[in-house]
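Just below is one structure, and these are the notes that go with it.
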Amino acid sequence: MTISVRHLKSHAGETVTVRGWLSNKRRSGKIGFLQIRDGSGIVQVVVSRAEVSEEAWEDVKRVTQESTVRVTGIARADERAPGGVEIQATDFAVRSLTEDYPITNKEHGTAFLMEHRHLWLRSSKQRSTLAIRSEVCQAIRDFFYEREFTLVDSPILTPTSCEGTSTLFETEYFGDKAYLSQSGQLYLEPACAAFGKVYCMGPTFRAEKSKTRRHLTEFWMVEPEVAFLDFEGLIRLAEDFIGFLAGRVIERAATHLEVLERDVSKLEKITGSFPRVTYYEAIEILQSHGIDIAQGDDFGAEDETVLANHFDRPVFVTHFPTDLKAFYMQPDADNPDTVLAMDLLAPEGYGEIIGGSQRIHDHDLLLERLKHHELPIEPFQWYLDVRKYGSFPHSGFGMGIERFIAWMSGAAHLRETIPYPRMLYKIYP
RNA sequence: UCCUCGGUAGCUCAAUGGUAGAGCAAUCGGCUGUUAACCGAUUUGUUGGGGGUUCAAGUCCCUCCCGAGGAGCCA
């Protein structure tokens, strides 16, 4: 019976067949140890020369790393085997022989691995990181489904920008210009009036010439938007969301966290409510750490790290000066120079994970803000309509999925948290 | 876009301006419990491209290309 390595433990004592790829081989004159990966896991296969056909032993001798193989044998527990279970082979065959596989079990540089991203995916740490990505995406869907949100996918091709055109990828659209979406938010707000609680999750694109470990030109965002949700409710939603996702990762991706040697105690702190500071207080905290920053300045990457490490937990920064934030954010009634916006900063240098706000629901105020930002009114007419036909207070946020996965998995660079990263000047493979 | 560092064998890296080398991989041989197995042998080069200085350049200078890290901007 052909089975997955993942389920091998429940087949101890049975004769099983496994198909997969050879990840490593150690061989002597009369016994061979083959590590076989089938996608669900890796198992050690022991082949004794005396117990298999001449043909099978010849295949053991000639098999190379990453060749496709098929093995039949008896599954059995053995503490000498990596994983605790191994297969004592009765038959072994090479199905497709690999020659000159570029990635060895020794060290490689980043540039070389990125050129071979399509093969690098087979490596254990890459598989664990991307398995965590899969768990995170599933958890996101479950979180919103359980809370009765409706999935509303926003378009990738858009006629206008959300916040200026300098960071947009431009493309041709039947003779007109179109841009790749950098956020689904503007499209979610009208959908709120149809469904109340909505979210979208998909790729977004930013043509920023950023070249750091925290940037991709194509990255995924999940963005909830909720009608009649105020700023306080928004922060609670974000707390619940992050706590739920972290809990899921700890619960369902434990073996992957182990492969990645992630310090799980850091992740276990991501629960309950998170500390909050206003922008004003955040600047004072930074100044108390000796950082040269003034009220009114925006945070740099280092500033975010210092702030989050100050609390050793994710921290909300709220009530930013109006000038630092986007045109659609609702002013604070108590201090009209600030907006009801929040950023969630992750510890350990993973930076801004979430950005969100209560949105302006007053038509005339939004119109005034558009003009103040020198944005054209015509392309935003449909967006203004949300305030014209049954306006309602509403709030939402966006979370960068890769940044969250990097935080969970302990990845040093976002490029390892997405199967095929797109970065400044890099689009191969 | 700017700053810093780098580009030598398939990979990771050495090499006072003076004969280009090691480990790993690969190939062949040995080994019945290996854990990135081990032991022996063999093969591997337009030193990123172009120009210059010099008796002599991987090494120094100029220039271009490519890569890595960071800044700004952002999620």
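Be aware that the first sequence starts at 0, since it is given in numbering that gives the first Met the number 0, and climbs by one per residue.
Here a beta-carbon is modelled for each residue, glycine too, at the ideal position from N, C-alpha and C.
Bear in mind the structure is a predicted one, so any value in this text is a computation, not a measurement.
Around the Cβ of V263, are there at least 16 other Cβ atoms within 10 angstroms (buried) or fewer (exposed)?
exposed
So, for R368: in the same chain, excluding its five sequence neighbours on each side, which residues have a beta-carbon less than 6 Å away from its beta-carbon?
F326
According to DSSP, is H309 part of a helix, a strand, or is it coil?
Residue state, collapsed to three classes: helix.
Smallest Cα separation from T157: which of R146, F143, S182?
S182
Could you round the C-beta distance between H362 and K324 to whole angstroms and report it? I think they count as a contact, below 8 Å.
H362 to K324, Cβ: 20 Å. No contact.
Report whether the distance from the Cβ of S123 to the nearest heavy atom of the ligand MG is below 7 Å.
Ligands are entirely absent from the displayed structure, and the ligand MG is therefore not among its contents.
Report the rounded CA-to-CA distance for Y419 versus I30, giving the unit in angstroms.
39 Å
Mind checking whether Q329 and I359 have CB atoms under 8 Å apart?
yes
Pick out the complete alpha helix (DSSP H) segments inside the segment 249 to 333, 4 residues or longer, and give them in chain order.
253 to 258, 263 to 267, 278 to 287, 300 to 310
Jot down the residue ranges of each uninterrupted beta strand (DSSP E) in the segment 6 to 84, minimum 3 residues, whole runs only, in chain order.
Under the rule that a run must span 3 or more residues, the beta strand (DSSP E) segments found entirely inside the segment 6 to 84 read 14 to 26, 30 to 36, 41 to 47, 67 to 76.
Mind checking T16: buried by the 16 CB within 10 Å criterion, or exposed?
exposed
Does DSSP put G232 in a helix, a strand or coil?
helix
Please list, in chain order, all residues of the same chain as P274 whose beta carbon is under 6 Å from its beta carbon, the five residues on each side excluded.
F310, V314
Is Y349 helix, strand or coil when you go by DSSP?
coil
Look at the alpha carbon of F148 and the alpha carbon of F403, and state the distance between them as a whole number of angstroms.
21 Å
Under DSSP, the alpha helix (DSSP H) around K387 begins and ends at which residues?
Where K387 is concerned, the enclosing alpha helix (DSSP H) stretches over 380 to 387.
On the CB-based measure, 16 or more other CB atoms within 10 Å of its CB, does R36 come out buried or exposed?
buried
When we look at the beta-carbon of L364 and count the other beta-carbons within 10 Å, is it buried (16 or more) or exposed?
With fewer than 16 other Cβ atoms from the protein chains shown falling within 10 Å of its own Cβ, L364 counts as exposed.
Cα separation between R140 and G28?
53 Å
Measure how close the beta-carbons of V338 and S356 come, nearest whole angstrom, since I'm counting them as under 8 Å.
6 Å
Verify whether the separation of the beta carbon atoms of R261 and E134 is less than 8 Å.
Against a cut-off of 8 Å, the Cβ pair of E134 and R261 comes out as no contact.
Taking 8 Å as the cut-off, does the segment 78 to 89 touch the segment 34 to 51 (at least 3 CB pairs, one atom from each stretch)?
As far as the Cβ criterion goes, the segment 34 to 51 touches the segment 78 to 89, which means the pair count is three or higher.
Report the rounded CA-to-CA distance for I258 versus C191, giving the unit in angstroms.
One point to set straight first is that residue 258 is Val, not Ile, in the sequence displayed. Rounded to whole angstroms, V258 to C191 spans 41 Å at the Cα level.
For S180, count the other beta carbons within 10 Å of its own beta carbon; 16 or more makes it buried, fewer makes it exposed. Which is it?
buried
Just to confirm the assignment, what range does the alpha helix (DSSP H) spanning P189 have?
184 to 194
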